[in-house]
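Numbering (my numbering), first residue to last: 28 to 120.
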């Protein structure tokens with residue numbers, strides 16, 4: 028099972044610390060290898076930070092901006108829309 032998917036399973040189980048660890052491992056593995064999957068992982072990590080009320084909002088915004096840039100570049104419209112919606116949510120805080 029991929030670390031990204033494992034992170035999403037932990038999110039579904041509200042196991043926040045395990046989710047963050049799995050997503051960060053996924054990002055470490057994917058960064059530089061698979062731009063699209065790394066962007067999806069960044070989006071998931073930013074979503075997790077938002078969901079848990081993390082104080083790391085600057086990091087969440089940075090990850091989200093990087094994901095948006097990648098989705099725009101790759102023409103991944105559905106992922107882009109999801110990332111932009113989360114960006115709007117973060118901007119309203």
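In this text, a Cβ means the ideal position worked out from N, Cα and C, and glycines have one as well.
Complete alpha helix (DSSP H) runs within the region 56 to 82 (minimum length 4 residues, chain order): 62 to 78
For residue 55, does the count of other Cβ atoms within 10 angstroms reach 16, so buried, or fall short, so exposed? exposed
Is the separation between the beta-carbon of residue 89 and that of residue 31 shorter than 8 Å? no
Looking only at its chain, what residues have a beta carbon closer than 7 Å to the beta carbon of residue 114, apart from the 5 residues adjacent to it on each side? 91 and 95
Residue 52 to residue 107 span [Cα, whole Å]: 23 Å
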